[in-house]
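Working notes, structure below.
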Amino acid sequence: MRSSSPLLRVQGLGKRYGENAVVADLAFEIAAGECLGVIGPNGAGKTTTIRMCLGQVGPDTGTIEAFGLPIPARVREAKKRIGVVTQFDSLDPDFTCAKNLRVYGRYFGVPRATIAERVPRLLEFAALASKADARPGELSGGMRRRLSLARALVNDPDLLLLDEPTTGLDPQARHLMWERLKQLLQQGKSILLTTHFMDEAERLCDRLLVLDHGRKIAEGTPRGLIAAHLESDVVEVYGEGTRAAMQSHGALAERVETSGETVFFYLREPLPLLRELARQPGVRYLHRPANLEDLFLKLTGRQIRDDA
Amino acid sequence: MLIPIRAAPRPSLRFWPVVQRNLLVWRKLAIPSIVGNIAEPLITLVAFGYGLGSLIGDVQGLPYIQFLASGSIAVSCVLAATFEALYSAYSRMQVQKTWDSIMNAPIALDDIVFAEMLWAAMKSLFSVAAIMLVLVALGISRAPTLIVALPVLGFVGITFASIALVFNALAQGYDFFTYYFTLVITPMTFLSGVYFPIEQMPDWLQAVAAALPLTAAVELVRPLVIGEWPADVARPMATLAAYAVGGYYVALVLTRRRFYR
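Chains as they are written, first to last, in my numbering: chain A, 1 to 308; chain B, 309 to 569.
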């Protein structure tokens with residue numbers, strides 16, 4: 001199901017709760033086969049945006065179209081082609097894994113025979129074939145998230161809306177989830193993904209949307225955003241003497257930031273600074289390329305949010 | 309725009325998979341659930357019906373056990389529907405987030421509220437049917453009109469499920485439901501002519517009782533259980549219908565407000 005028109009098109013979207021603008025003048029599109037990442041601090045409006053796309057929250061301004069259908073007016077038709085993984089598990093604790101999928105398929109009106117044929121394949125896909133008769137309460141966190149993903153696929157959707165699908169998972173479980181999401185992208189599915197993990201965003205997403213206070217503050221490919229907003233290299237200096245290091249070497253970097261006992265030197269020519277640091281015994285430091293996390297912190301600041 | 313909060317219910321057939329889901333869960337626990345539903349009223353009947361009944365003699369021309377059984381079957385119906393539409397619906401709505409997951413499928417909140425109301429009424433019917441079997445087995449009633457009492461009690465279940473969903477929509481925790489039971493349901497059972505005739509009460513309380521939905525339920529169900537036809541059908545049916553329609557609409561509006569903030 002490929003076409004040139006976007007699967008999801010959001011224009012001028014806005015939502016206020018009282019005085020607080022949760023989403024403001026937001027616009028984005030998702031093309032067929034594309035993975036769009038939405039990153040932003042807690043309270044940036046990520047979940048509210050997803051809920052508006054699902055017709056569960058009414059926007060104050062703007063328009064949403066999914067598959068060319070206006071949302072929320074024709075959300076019921078649109079939802080037949082959308083799969084959702086919410087931030088918090090909502091699996092049915094009374095049903096086995098297999099039954100969770102079967103019952104969920106009925107909500108979409110998927111014919112019984114089709115469900116019966118899909119469920120084993122979906123359990124296989126979620127690496128849960130051996131857990132078909134287990135209940136969600138008996139599963140690990142990673143297994144539950146994969147079951148949630150399998151459940152979101154029961155209607156064979158073209159578009160997946162995934163709200164922090166790997167939050168709270170250990171690295172093994174997270175990597176397995178990434179593998180599966182890449183497989184889905186290869187099958188041609190489109191994904192909207194919110195995440196707090198910058199390595200996740202970098203690995204999976206073709207394009208990123210950075211939100212803060214409900215507004216889009218940057219958009220582009222992961223590499224393109226880093227190149228546009230950041231110096232190429234970062235040197236982190238830790239522990240005692242960081243303040244002295246900042247004062248004596250600050251001129252060698254384009255930008256210097258501190259966070260607690262760590263100093264971050266952002267620069268394009270790292271060698272002079274590295275030479276200086278190597279001369280000082282006992283100074284611990286790390287040299288690495290700039291990454292999305294640096295970008296994220298530069299754009300949204302280092303301070304902790306009230307609701308974080 | 310989203311559906312306006314105060315709009316009339318938007319019915320669709322999409323509610324049915326939600327009823328099926330609840331039925332599937334219940335089926336696994338059906339036997340203990342039915343046993344519990346029979347045991348409680350059975351104990352009441354034996355203790356009060358036979359025990360107290362032997363002291364009281366006839367009430368309104370009926371042996372007390374028949375008077376009590378024909379009234380308390382309506383109470384069982386009310387309790388079953390209310391319990392399901394409060395505690396169980398709240399678990400699905402708030403604790404398990406079942407409603408949220410269903411709304412990610414092409415099923416609207418209106419469908420879910422309708423399904424929960426209907427399901428609570430269905431569940432009250434399962435209890436009532438089991439209790440009727442006990443009444444027949446014990447010989448307390450073998451009237452053919454029992455069959456007619458069944459759909460009437462289904463309607464009573466719809467009424468009380470609708471009212472209970474109002475409190476479900478307002479709840480911030482399970483504790484809230486204790487108030488509903490102790491301040492609304494329990495007093496109502498004492499005022500509605502279940503355990504003693506309404507005529508025993510002072511006039512002003514009789515006036516209050518006349519407006520209660522359980523009074524209407526007892527007026528309809530008692531004669532049917534003992535093998536007679538209700539003297540008046542229109543007025544008690546209208547009372548139940550008013551509570552059902554009003555309760556359902558308020559429950560729907562409050563639930564929409566809860567979800568579509």
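We put the CB at the ideal spot given by N, CA and C, even for glycine.
Alpha carbon to alpha carbon, how far is residue i from residue j?
{"i": "residue 380 of chain B", "j": "residue 367 of chain B", "result": "15 Å"}
{"i": "residue 30 of chain A", "j": "residue 413 of chain B", "result": "20 Å"}
{"i": "residue 205 of chain A", "j": "residue 195 of chain A", "result": "11 Å"}
{"i": "residue 208 of chain A", "j": "residue 202 of chain A", "result": "9 Å"}
{"i": "residue 156 of chain A", "j": "residue 275 of chain A", "result": "56 Å"}
{"i": "residue 315 of chain B", "j": "residue 565 of chain B", "result": "12 Å"}
{"i": "residue 357 of chain B", "j": "residue 536 of chain B", "result": "20 Å"}
{"i": "residue 521 of chain B", "j": "residue 406 of chain B", "result": "31 Å"}
{"i": "residue 510 of chain B", "j": "residue 137 of chain A", "result": "55 Å"}
{"i": "residue 186 of chain A", "j": "residue 179 of chain A", "result": "11 Å"}
{"i": "residue 558 of chain B", "j": "residue 474 of chain B", "result": "6 Å"}
{"i": "residue 482 of chain B", "j": "residue 446 of chain B", "result": "37 Å"}
{"i": "residue 92 of chain A", "j": "residue 100 of chain A", "result": "6 Å"}
{"i": "residue 143 of chain A", "j": "residue 540 of chain B", "result": "60 Å"}
{"i": "residue 223 of chain A", "j": "residue 328 of chain B", "result": "49 Å"}
{"i": "residue 250 of chain A", "j": "residue 267 of chain A", "result": "10 Å"}
{"i": "residue 364 of chain B", "j": "residue 393 of chain B", "result": "36 Å"}
{"i": "residue 22 of chain A", "j": "residue 279 of chain A", "result": "50 Å"}
{"i": "residue 384 of chain A", "j": "residue 527 of chain B", "result": "This structure leaves residue 384 of chain A out entirely; chain A is present only between 1 and 308."}
{"i": "residue 325 of chain B", "j": "residue 108 of chain A", "result": "9 Å"}
{"i": "residue 48 of chain A", "j": "residue 57 of chain A", "result": "7 Å"}
{"i": "residue 86 of chain A", "j": "residue 165 of chain A", "result": "7 Å"}
{"i": "residue 96 of chain A", "j": "residue 135 of chain A", "result": "4 Å"}
{"i": "residue 60 of chain A", "j": "residue 50 of chain A", "result": "15 Å"}
{"i": "residue 282 of chain A", "j": "residue 177 of chain A", "result": "40 Å"}
Can you tell me whether residue i is buried or exposed? The criterion is at least 16 other CB atoms within 10 Å of its CB, across all chains shown.
{"i": "residue 55 of chain A", "result": "buried"}
{"i": "residue 174 of chain A", "result": "buried"}
{"i": "residue 339 of chain B", "result": "exposed"}
{"i": "residue 374 of chain B", "result": "buried"}
{"i": "residue 570 of chain B", "result": "Only positions 309 to 569 of chain B appear in the structure, and residue 570 of chain B is not among them; the question remains open."}
{"i": "residue 88 of chain A", "result": "exposed"}
{"i": "residue 235 of chain A", "result": "buried"}
{"i": "residue 544 of chain B", "result": "buried"}
{"i": "residue 68 of chain A", "result": "exposed"}
{"i": "residue 41 of chain A", "result": "buried"}
{"i": "residue 533 of chain B", "result": "buried"}
{"i": "residue 548 of chain B", "result": "buried"}
{"i": "residue 301 of chain A", "result": "exposed"}
Thinking residue i and residue j are a contact (beta carbons under 8 Å), I'd like their distance in whole angstroms, please.
{"i": "residue 469 of chain B", "j": "residue 429 of chain B", "result": "5 Å"}
{"i": "residue 239 of chain A", "j": "residue 257 of chain A", "result": "That pair is no contact at about 16 Å."}
{"i": "residue 560 of chain B", "j": "residue 403 of chain B", "result": "Residue 560 of chain B to residue 403 of chain B, Cβ: 21 Å. No contact."}
{"i": "residue 384 of chain B", "j": "residue 435 of chain B", "result": "6 Å"}
{"i": "residue 160 of chain A", "j": "residue 123 of chain A", "result": "About 18 Å separates the two Cβ atoms, so there is no contact after all."}
On the three-state DSSP scale, how would you describe residue i?
{"i": "residue 72 of chain A", "result": "coil"}
{"i": "residue 61 of chain A", "result": "strand"}
{"i": "residue 552 of chain B", "result": "helix"}
{"i": "residue 368 of chain B", "result": "coil"}
{"i": "residue 77 of chain A", "result": "helix"}
{"i": "residue 10 of chain A", "result": "strand"}
{"i": "residue 259 of chain A", "result": "strand"}
{"i": "residue 2 of chain A", "result": "Unreliable positioning characterises residue 2 of chain A in this predicted model, as indicated by a pLDDT of 45, which lies under 50. The coordinate reading is nonetheless provided below. Three-state DSSP puts residue 2 of chain A in coil, outside helix and strand."}
{"i": "residue 453 of chain B", "result": "coil"}
{"i": "residue 269 of chain A", "result": "coil"}
{"i": "residue 375 of chain B", "result": "helix"}
{"i": "residue 138 of chain A", "result": "helix"}
{"i": "residue 349 of chain B", "result": "helix"}
{"i": "residue 310 of chain A", "result": "With chain A running from 1 to 308 in the structure shown, residue 310 of chain A is simply not present."}
{"i": "residue 37 of chain A", "result": "strand"}
{"i": "residue 308 of chain A", "result": "Caution is warranted here: a pLDDT of 46 is assigned to residue 308 of chain A, below 50, making its placement in the model unreliable, and no coordinate value can be reported."}
{"i": "residue 194 of chain A", "result": "strand"}
{"i": "residue 424 of chain B", "result": "helix"}
{"i": "residue 566 of chain B", "result": "helix"}
{"i": "residue 434 of chain B", "result": "helix"}
{"i": "residue 342 of chain B", "result": "helix"}
Looking at residue i and the ligand ATP, is the gap between the Cβ and the nearest heavy atom below 6 Å?
{"i": "residue 408 of chain B", "result": "Among the ligands in the structure shown, none appear at all, so the ligand ATP cannot be discussed."}
Taking beta-carbon pairs under 9 Å, can you tell me which members of the stretch 413–439 of chain B lie near chain A?
413, 414, 415, 416 and 417
Anything in the stretch 65–78 of chain A with a Cβ closer than 7 Å to a Cβ of chain B? List those residues in chain order, please.
72 and 76
Please list, in chain order, the residues of the stretch 350–377 of chain B that have any C-beta partner in chain A closer than 9 Å.
none
Could you list the residues in the stretch 41–66 of chain A with a C-beta less than 8 Å from some C-beta on chain B, going in chain order?
54, 55, 56, 57 and 58
With 8 Å as the C-beta to C-beta threshold (strictly closer), list the residues of the stretch 326–343 of chain B near chain A in chain order.
326, 328, 329, 332, 333 and 336
For the stretch 151–173 of chain A, enumerate the residues whose C-beta is nearer than 7 Å to any C-beta of chain B, in chain order.
none
What are the residues of the stretch 477–489 of chain B that lie near chain A, defined by any Cβ-Cβ distance shorter than 7 Å?
none
Taking only beta carbons into account, state which residues of the stretch 380–413 of chain B come closer than 8 Å to chain A, listed in chain order.
404, 405, 406, 408, 409, 410, 411, 412 and 413
Proximal residues, the stretch 104–122 of chain A versus chain B, C-beta separation under 8 Å
104, 106, 107, 108 and 109
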